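K.L.:
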Amino acid sequence: MTQSPLPPSPVSGQPDYLERLNPEQRQAIETIDGPLLILAGAGTGKTRVLTTRFAHILLTGHARPHQILAVTFTNKAAREMRDRVGALLGGPVEGLWLGTFHSICARMLRRHAEYVGLTTGFTILDTDDQLRLVKQVMEPYRVDTKRWPPQGMLGVIQRWKDRGLTPDRVTPAEDSEFGGGCARRVYADYQARLIAVNACDFGDLMLHMTEIMRTRPDVLAQYHRLFRYILVDEYQDTNTIQYLWLRLLAKRAGQPSNIACVGDDDQSIYSWRGAEVENILRFERDFPGAKVVRLERNYRSTAQILAAAAGLIAHNDGRLGKTLRPGREDAHGEKVQVVSVWDSDEEARVVAGAIERLRADGHPLSEIAILMRAGFQTRPFEEQLMTRGLPYRVVGGLRFYERAEIRDCLAYMRVLAQPADDLAFERIVNVPRRGVGTAALQKLHLEARQIKGPLTAAVARQMADGTAKGKSKAALQSLMQGFERATETLAREGQVVAVEQLLEDVGYLAMWREDKSPEAPGRLDNIKELLRAIGDFQSLEGFLEHVALVTEAEDSAAEDKVSLMTLHGAKGLEFDSVFLPGWEEGVFPSQRSLDEGGLKSLEEERRLAYVGLTRARRRATVLHAARRRIYANWQDAIPSRFIEEIPADYVEHSGQAMQERRLTAAQPSVFAFGPVSSRRPNYGHAPRVTDVYDASPTDITVGTRVFHQKFGYGIVTDVDVDRLQVQFEKAGEKRVMASFVEVAV
DNA sequence: GTTCGAAGCGTTTTT
DNA sequence: CGCTTCGAAC
1 MTQSPLPPSP VSGQPDYLER LNPEQRQAIE TIDGPLLILA GAGTGKTRVL
51 TTRFAHILLT GHARPHQILA VTFTNKAARE MRDRVGALLG GPVEGLWLGT
101 FHSICARMLR RHAEYVGLTT GFTILDTDDQ LRLVKQVMEP YRVDTKRWPP
151 QGMLGVIQRW KDRGLTPDRV TPAEDSEFGG GCARRVYADY QARLIAVNAC
201 DFGDLMLHMT EIMRTRPDVL AQYHRLFRYI LVDEYQDTNT IQYLWLRLLA
251 KRAGQPSNIA CVGDDDQSIY SWRGAEVENI LRFERDFPGA KVVRLERNYR
301 STAQILAAAA GLIAHNDGRL GKTLRPGRED AHGEKVQVVS VWDSDEEARV
351 VAGAIERLRA DGHPLSEIAI LMRAGFQTRP FEEQLMTRGL PYRVVGGLRF
401 YERAEIRDCL AYMRVLAQPA DDLAFERIVN VPRRGVGTAA LQKLHLEARQ
451 IKGPLTAAVA RQMADGTAKG KSKAALQSLM QGFERATETL AREGQVVAVE
501 QLLEDVGYLA MWREDKSPEA PGRLDNIKEL LRAIGDFQSL EGFLEHVALV
551 TEAEDSAAED KVSLMTLHGA KGLEFDSVFL PGWEEGVFPS QRSLDEGGLK
601 SLEEERRLAY VGLTRARRRA TVLHAARRRI YANWQDAIPS RFIEEIPADY
651 VEHSGQAMQE RRLTAAQPSV FAFGPVSSRR PNYGHAPRVT DVYDASPTDI
701 TVGTRVFHQK FGYGIVTDVD VDRLQVQFEK AGEKRVMASF VEVAV
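The opening residue of the first sequence carries number 1 in the UniProt record's numbering; numbering runs sequentially from there.
The following block contains the structure:
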């Protein structure tokens, strides 16, 4: 890293990294001291500003690399920032405090672990461990786990942690909500158990560090001296504990708070996991004298898409206020397409067909995405893409490190690295099946309690004193021998050989080799991949730390495939063409969301819609179906309110199904579908949408000759409220909605 | 302790 | 519909 400023550009007299920035971007970068809020709308060059600002602080000599704290939410964002800062500075920079909230806290906590009763080598638990632990802790309370599942309890604890509440800070009033009033005590016991096994869950990384900085002024002062500048990405996604942690670090007596937060309140979509939009809305009050810079020039999308998105998001209240403007002159573009289809199957066909056409026109599939509200919506699209031979990838499924076989292997490694890791030991003690079930494990727990030691010590003890007998004795003995041999190998030949030997020795690999299920070979491949990855690290501990904090799979974005993912998963990404299916009331906005959170949730859903639209560079296509298959049965659906919230000027409707909500929006029933069948009251005086619907309600009876947009002419053979059985001349017998046919003349 | 079948249930997800 | 989970029978 060089401390001298870069040579100025010969043309402008500015360092060349400041060239081609717009005035707002420049301001966000060149405002170095004092609190700064950068409101960065979608596609306004946020990452560029953040990284350039980082480099600028270094290159102007305001700080050395290790004196800047830069926090992100995801490892991906951290990696990108690290790479781009490196690129600006002409090479990788060492010693940066740049990472996710959690990785930075882990790094800090390893230094100060003793203040919360841990040792520096503490384990970071995965969700399986957490659940196992909370189950154990709940047991003595005899909670009805039907009503109060351990997952729910874990959720309550996590939310408390997100809010910075240690067990003693949970008020009795807040306690009563779950588990019949024992949640607070379970939480306290859970924390005690974590300390006892020298472990942390994810929430603890933040909670412990915040607690340490609250109670140890010397530690806090140390970081105050260290960090001259703080950069925070995605500030709208911070939860309370992250906010408290940042505030502790940023507020330095007698010195300015050099904290720069980048975020977009319109893209806050994670309130359900503890994010508090209020943090960003409150920034100017939290940090008096804060400068606010708005980045509103969007270099990503066409003017039409931007106007559509802006019109939509304008329906939200309580925004900081920000309007995306097109940053490129050339990008007028096409209107947002809204396609009305008959049912969810047709929706998938329409999208797949459109993708085929895009491909035929030379558009790479990697520039096409289908973004939906929920993961299960991918199915019909997968089927359609598959049958047409269009390559696709589903982003965000089960991640590599979440696979059972990988977690098993990791548990083996954890016991190898730290024999006192009871939770890891519990996971693998009977995998593969070796006849050590709950009964044997119970005995081991008792023994461990008596000797006040870990389970592995209890095993050794039982081997020695003859408590163990028969099958489980032999099994445990051979397991422990496996660990002993691996420990020797680890010292002599390193972690890769040791782990492979261990997994072989204890019969884990054999278990999958003998498994006849079709997934087994894939699992063995995954394990092979895992073994390969261990070699990339200095030590077993280093590898375990990495996998505890980095759960994401490797990016395979380079392949030319259509991306299928949730709207949440798409945040931060962009594609030339974006398909947004399932814009129907109840699906999007999600009914469940609305039921739980009312107006606040509706606004969050709307932000999600905004995020979806703004992912598109050139083409955005919204779809809604009149009937959707949900689980086993078909349900009628009306178009999402979000569709009509997009200003009509920027929308082009197509498709044959009902196109406007107006017909039915005021009606109580979601089944009201415009003028329909004979036995259905015709609500209100709704205007007709198209001539297709001009059949008078009473005209349709058995024997009526009707016309259907998709199936053509046919004779009605049965009427069931609003559904008809029709014998079509060409398409055969079909069941169709009465609203989708007209009486043939 | 294991295995098999019925019952239940069904957002969004990172670390 | 298709998955996971739990309980009963071997």
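Beta carbons: idealized from backbone N, C-alpha and C, even for Gly. Bear in mind the structure is a predicted one, so any value in this text is a computation, not a measurement.
1. Is the beta carbon of residue 562 within less than 8 Å of some heavy atom of the ligand ADP?
2. Could you tell me the distance, in whole angstroms, from the CA atom of residue 410 to the CA atom of residue 404?
3. Cβ atoms of residue 162 and residue 230: under 9 Å apart, would you say?
4. Could you tell me the boundaries of the alpha helix (DSSP H) in which residue 344 lies?
5. Quick check: what's the CA-CA separation for residue 149 versus residue 188?
6. Using CA coordinates, which residue listed in 172, 77, 205 is at the minimum distance from residue 545?
7. Output the boundary residues of the beta strand (DSSP E) element that contains residue 98.
8. Our contact map puts residue 98 next to residue 81 with C-beta atoms below 8 Å; I'd like the distance itself, whole angstroms only.
9. Would you please state the rounded distance, in angstroms, between the beta carbons of residue 131 and residue 151? I believe it to be under 8 Å.
10. Tell me whether the region 256-273 and the region 316-335 touch, counting them as touching only if at least three CB pairs, one residue from each stretch, are closer than 8 Å.
11. Tell me which residue opens and which closes the beta strand (DSSP E) that residue 328 is part of.
12. Under 7 Å Cβ to Cβ from residue 244, same chain only, skipping five residues before and after it: list those, please.
13. From the DSSP output, in three-state form, read off residue 678 for me.
14. For the putative contact between residue 238 and residue 372, defined by C-beta atoms under 8 Å, what is the C-beta separation to the nearest angstrom?
15. Nearest to residue 442 by alpha carbon, out of 459, 160, 464, 225?
16. Buried or exposed: which applies to residue 438, given that a residue is buried once 16 or more other Cβ atoms fall within 10 Å of its Cβ?
17. What is the DSSP secondary structure of residue 310, reduced to helix, strand or coil?
18. For the beta strand (DSSP E) containing residue 702, list its first residue and its last residue.
19. Since I believe residue 295 is in contact with residue 49 (beta carbons under 8 Å), could you give me their beta-carbon distance rounded to a whole number of angstroms?
20. My understanding is that residue 290 touches residue 35, with C-beta atoms under 8 Å, so please give their C-beta distance in whole angstroms.
21. Within the region 243-268, note down every full beta strand (DSSP E) run reaching 3 residues or more, in order along the chain.
22. Helix, strand or coil, according to DSSP, for residue 634 in the structure here?
23. Cα-Cα, which of 707, 44, 617 is closest to residue 322?
24. According to DSSP, residue 654 sits in a beta bridge with which residue or residues?
25. Do residue 280 and residue 201 count as a contact pair if the criterion is CB distance below 9 Å?
26. Under DSSP, the alpha helix (DSSP H) around residue 388 begins and ends at which residues?
27. Look at residue 122 and residue 111 and say whether their C-beta atoms are less than 9 Å apart.
28. Assuming residue 298 and residue 325 form a contact by the criterion Cβ under 8 Å, report the distance between their Cβ atoms to the nearest whole angstrom.
29. Please state whether DSSP places residue 200 in a helix, a strand or coil.
30. Would you say residue 38 and residue 261 are within 9 Å of each other, going by their C-beta atoms?
31. For residue 38, which residues does DSSP report across the bridge?
32. Within 10 angstroms of the Cβ of residue 100, are there 16 or more other Cβ atoms? Answer buried if so, exposed if not.
33. Distance check for residue 564 and residue 385, CA to CA, integer angstroms please.
34. Pull up the distance between the alpha-carbon of residue 530 and that of residue 499, whole angstroms please.
35. Pop quiz: residue 432 and residue 507 are said to be a contact at Cβ under 8 Å. What is the actual Cβ separation, rounded to whole angstroms?
36. Does the distance from the CB of residue 600 to the CB of residue 271 come in under 9 Å?
P.N.:
On the basis of the supplied data:
1. Annotation note on the ligand ADP: not contained in the displayed structure, which lists no ligands.
2. 10 Å
3. no
4. 344-360
5. 18 Å
6. 205
7. 97-100
8. 6 Å
9. 7 Å
10. yes
11. Counting along the chain, residue 328 falls outside any beta strand (DSSP E), and DSSP gives it neither H nor E.
12. 164, 210
13. Per-residue confidence for residue 678 stands at a pLDDT of 28, beneath the threshold of 50, marking its modelled position as unreliable; the derived number appears in the next sentence. If DSSP states are grouped into helix, strand and coil, residue 678 belongs with coil.
14. Rounded, the Cβ-Cβ distance is 26 Å, inconsistent with contact.
15. 459
16. exposed
17. helix
18. Counting along the chain, residue 702 falls outside any beta strand (DSSP E), and DSSP gives it neither H nor E.
19. 7 Å
20. 4 Å
21. 259-263
22. strand
23. 44
24. 339
25. no
26. Unbroken run through residue 388: none, as it is neither H nor E.
27. no
28. 7 Å
29. strand
30. yes
31. 262, 293
32. buried
33. 11 Å
34. 10 Å
35. 5 Å
36. yes
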